Amino acid sequence: MTTTTSTSTSTTTTTTTTTTTTTQPPLRTATLLFTGDLIPHSPVVAAAERMAVEAGGVRSHDFRPLFADVADRIAAADLAVCHLEAPLTDDPSAISGYPRFNGPSGLADDLVAIGYDACSTASNHALDKGWMGVLATLAILEAADLPQSGMASSEEAAAEPLLLDAAGITVGFVSATFGTNGLPRPEATPWIVVDLEVDSLRASARRAREAGAEFVVLGLHWGAEYRTSPTALQREQAATLLADPDIDLIVGHHAHVVQPIGRVGEEFVVFGLGNFLTNQSASCCAVGTQDGAIVEVELQEMIGAGGGSTVVARHVIVTPTRVDRSDDHRVVDVAAAIEASVDADVAPDADLVGSWYRTAERILAEELPAGLLSVRMGAD
Numbered sequence: 019m020t021t022t023t024s025t026s027t028s029t030t031t032t033t034t035t036t037t038t039t040t041t042q043p044p045l046r047t048a049t050l051l052f053t054g055d056l057i058p059h060s061p062v063v064a065a066a067e068r069m070a071v072e073a074g075g076v077r078s079h080d081f082r083p084l085f086a087d088v089a090d091r092i093a094a095a096d097l098a099v100c101h102l103e104a105p106l107t108d109d110p111s112a113i114s115g116y117p118r119f120n121g122p123s124g125l126a127d128d129l130v131a132i133g134y135d136a137c138s139t140a141s142n143h144a145l146d147k148g149w150m151g152v153l154a155t156l157a158i159l160e161a162a163d164l165p166q167s168g169m170a171s172s173e174e175a176a177a178e179p180l181l182l183d184a185a186g187i188t189v190g191f192v193s194a195t196f197g198t199n200g201l202p203r204p205e206a207t208p209w210i211v212v213d214l215e216v217d218s219l220r221a222s223a224r225r226a227r228e229a230g231a232e233f234v235v236l237g238l239h240w241g242a243e244y245r246t247s248p249t250a251l252q253r254e255q256a257a258t259l260l261a262d263p264d265i266d267l268i269v270g271h272h273a274h275v276v277q278p279i280g281r282v283g284e285e286f287v288v289f290g291l292g293n294f295l296t297n298q299s300a301s302c303c304a305v306g307t308q309d310g311a312i313v314e315v316e317l318q319e320m321i322g323a324g325g326g327s328t329v330v331a332r333h334v335i336v337t338p339t340r341v342d343r344s345d346d347h348r349v350v351d352v353a354a355a356i357e358a359s360v361d362a363d364v365a366p367d368a369d370l371v372g373s374w375y376r377t378a379e380r381i382l383a384e385e386l387p388a389g390l391l392s393v394r395m396g397a398d
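Written out as structure tokens, the structure is:
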């Protein structure tokens with residue numbers, strides 16, 4: 019802004035000019051990170067037990083070494099969200115694997131230690147240990163200071179939106195599941211696990227907006243197991259939900275194999291993240307069940323013509339992962355491992371090469387316009 023003031027006498031004239039510059043704050047950016055199914059199968063828990071023994075036996079389980087290859091990437095995100103597909107317990111004698119899971123409580127602490135900021139908990143295994151299992155899981159996550167969406171201890175808590183901070187951007191997160199493996203929700207407490215019901219999810223997104231969310235993410239447990247392409251119902255639900263102005267992104271899981279990343283209008287839908295840490299493999303389930311995708315969504319603040327601020331997802335970057343069942347179920351950064359082999363003039367592991375190509379092919383199957391989606395080919 020510039021102002022000019024003039025004063026005069028019979029002999030002199032003086033002009034003073036003052037310039038004021040208004041500096042706009044920089045537009046905000048943030049990176050959100052999501053990972054797929056994390057299931058404490060018995061062999062995975064056994065690996066964590068061995069890691070604890072090797073570390074001196076102070077703890078009963080230590081999952082951190084299983085994530086060592088990808089922990090830095092998780093910690094670097096402004097907001098990292100896991101998908102915990104099992105209840106947790108403080109009782110060592112109550113730990114159980116397939117078909118009704120109950121993981122050790124130390125897993126929650128280890129997820130925080132490697133950089134996760136929150137988890138989705140609505141899944142078909144959420145009620146594996148019933149109402150008491152839900153309450154135990156919520157208490158364990160709260161003690162670990164790991165916020166969650168998908169389970170609730172009261173009707174009021176079920177209606178309260180989860181708001182998370184991502185580098186100064188307020189993100190609303192809602193987790194829901196298609197079902198609970200036929201295990202009924204108690205009639206008196208149907209809200210203990212969030213149901214994937216379109217109108218209800220839209221209402222939850224609206225509440226998140228009203229509470230201050232600038233960007234709203236749905237974490238949906240949906241689709242068909244071992245199917246690499248989205249079902250017709252997934253596409254229908256994605257189209258309806260992302261047409262709602264209160265919903266900005268869908269991140270999906272449950273298929274246990276990687277599915278494509280697509281777009282509905284201007285919004286991304288990650289149909290399926292695959293498995294992040296499980297004991298599944300082609301010998302029991304399907305080719306690709308050791309594969310997963312770390313998905314990073316880059317957010318950008320935009321200023322409209324009227325001066326209003328909105329936050330949009332501008333780019334998605336995928337890091338392919340693979341569970342190495344021969345090495346204590348460690349989660350491997352596939353592209354980084356291949357690059358390290360090439361740099362050392364060693365032939366890359368054939369399973370890792372196959373995993374990378376399989377994941378890239380599935381992720382890119384929707385053929386989005388250039389510049390919106392990329393798959394990492396190396397460590398960076």
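The numbering of the sequence shown is the numbering used here, which starts it at 19 and goes up by one.
Even for Gly, the Cβ is constructed at its ideal location relative to N, Cα and C.
As the structure is a prediction and not an experimental result, all values here were calculated from the model.
Per DSSP, residue i is paired with what?
| i | result |
| --- | --- |
| Ser137 | Sequence inspection shows Cys at residue 137; the Ser mentioned does not correspond to that position. Partner(s): Cys100 and Gln166. |
| Asn293 | Asp55 |
| Pro428 | Outside the shown range of the chain (19 to 398) lies residue 428, about which nothing can therefore be said. |
| Glu213 | Before going on, a small fix: residue 213 reads as Asp here, not Glu. BP columns for Asp213 point to Thr195. |
| Ser78 | Partner(s): none; Ser78 has no beta bridge. |
| Gln318 | Thr47 and Val330 |
| Leu267 | Val235 and Phe286 |
| Val276 | Leu291 |
| Arg348 | Asp342 |
| Leu181 | Gly190 |
| Ser373 | Per DSSP, none; premise fails for Ser373. |
So, with DSSP's three-state summary, where would you put residue i?
| i | result |
| --- | --- |
| Phe85 | helix |
| Ala397 | coil |
| Ala154 | helix |
| Ala300 | coil |
| Gln255 | helix |
| Thr207 | coil |
| Thr47 | strand |
| Gly186 | coil |
| Thr328 | strand |
| Pro4 | Nothing in the structure corresponds to residue 4, since the chain is present only between 19 and 398. |
| Met19 | Confidence at Met19 is low in this model, with a pLDDT of 49, below 50, so its placement is unreliable and no value can be given for it. |
| Leu384 | Leu is not the amino acid found at residue 384; the sequence shown has Glu there. Note: Glu384 maps to coil in three-state DSSP. |
| Leu391 | strand |
| Arg343 | coil |
| Glu285 | strand |
| Ile312 | strand |
| Ser60 | helix |
| Ser12 | Lying before the first or after the last residue shown, residue 12 is absent from the chain, which here runs from 19 to 398. |
| Ser114 | strand |
| Arg245 | coil |
| Ile132 | coil |
| Ser171 | coil |
| Trp149 | helix |
| Ala378 | helix |
| Thr29 | Low local confidence applies: a pLDDT of 49 at Thr29 is under 50, so the model's placement there is unreliable, and no value is given. |
| Leu159 | helix |
| Leu201 | coil |
| Asp363 | coil |
Among the candidates the options, whose CA atom is the shortest distance from the CA of residue i?
| i | options | result |
| --- | --- | --- |
| Val282 | Ala273, Ile268 and Val130 | Ile268 |
| Ala223 | Val212, Leu236 and Tyr375 | Leu236 |
| Pro122 | Pro83, Asp109, Leu201 and Pro179 | Asp109 |
| Thr139 | Ala131, Gly133, Ile132 and Leu153 | Leu153 |
| Gln298 | Arg46, Pro58, Ala48 and Ala131 | Pro58 |
| Leu260 | Asn293, Glu174, Val216 and Ala226 | Val216 |
| Ser359 | Gly396, Gly326 and Arg380 | Gly396 |
| Ser114 | Asp146, Ala304 and Leu102 | Asp146 |
| Val275 | Leu56, Gly200 and Asp264 | Leu56 |
| Ala136 | Asn199, Leu125 and Ala98 | Ala98 |
| Phe81 | Ala70, Asp264, Asp87 and Gln42 | Ala70 |
| Ala129 | Arg118, Leu214 and Ile158 | Before going further, note that residue 129 is Leu rather than Ala in the sequence given. Of the listed residues, the one whose Cα sits closest to Leu129 is Ile158. |
| Pro263 | Phe289, Leu219, Val305 and Ser247 | Leu219 |
| Asn142 | Asp127, Ala177 and His101 | His101 |
| Ile210 | Ala177, Gly200 and Leu182 | Ala177 |
| Glu67 | Ala112, Thr53, Pro117 and Gly124 | Gly124 |
| Ala300 | Val329, Gly325 and Arg343 | Arg343 |
Kindly give me the distance between the Cβ atoms of residue i and residue j, rounded to whole angstroms, as I take these residues to be in contact under 8 Å.
| i | j | result |
| --- | --- | --- |
| Trp240 | Phe196 | 5 Å |
| Ile132 | Ala93 | 7 Å |
| His271 | Leu251 | His271 to Leu251, Cβ: 15 Å. No contact. |
| Ser193 | Gly230 | About 19 Å separates the two Cβ atoms, so there is no contact after all. |
| Gly190 | Ala226 | 3 Å |
| Leu295 | Leu164 | About 16 Å separates the two Cβ atoms, so there is no contact after all. |
| Val334 | Ile279 | 6 Å |
| Gln277 | Arg380 | 6 Å |
| Asp90 | Leu50 | Not quite, the Cβ-Cβ distance comes to about 17 Å (not below 8 Å), so this is no contact. |
Comparing the CB of residue i with every heavy atom of the ligand FAD, is any distance shorter than 7 Å?
| i | result |
| --- | --- |
| Asp55 | The ligand content of the structure shown is nil, which means the ligand FAD is not present either. |
Segment contact, 8 Å Cβ cut-off, at least three pairs: the stretch 296 to 313 with the stretch 326 to 339 = Between the stretch 296 to 313 and the stretch 326 to 339 there are three or more C-beta pairs closer than 8 Å, enough to call the two in contact.
Give a yes or no on contact between the stretch 361 to 370 and the stretch 316 to 329, applying the rule of three or more CB pairs nearer than 8 Å.
-> Two segments are said to touch when three or more pairs of C-beta atoms, one from each, lie closer than 8 Å; by this definition the stretch 361 to 370 does not touch the stretch 316 to 329.
Say whether the stretch 62 to 71 touches the stretch 251 to 261, bearing in mind that this needs 3 or more beta-carbon pairs closer than 8 Å, one atom from each stretch.
-> No contact exists between the stretch 62 to 71 and the stretch 251 to 261.
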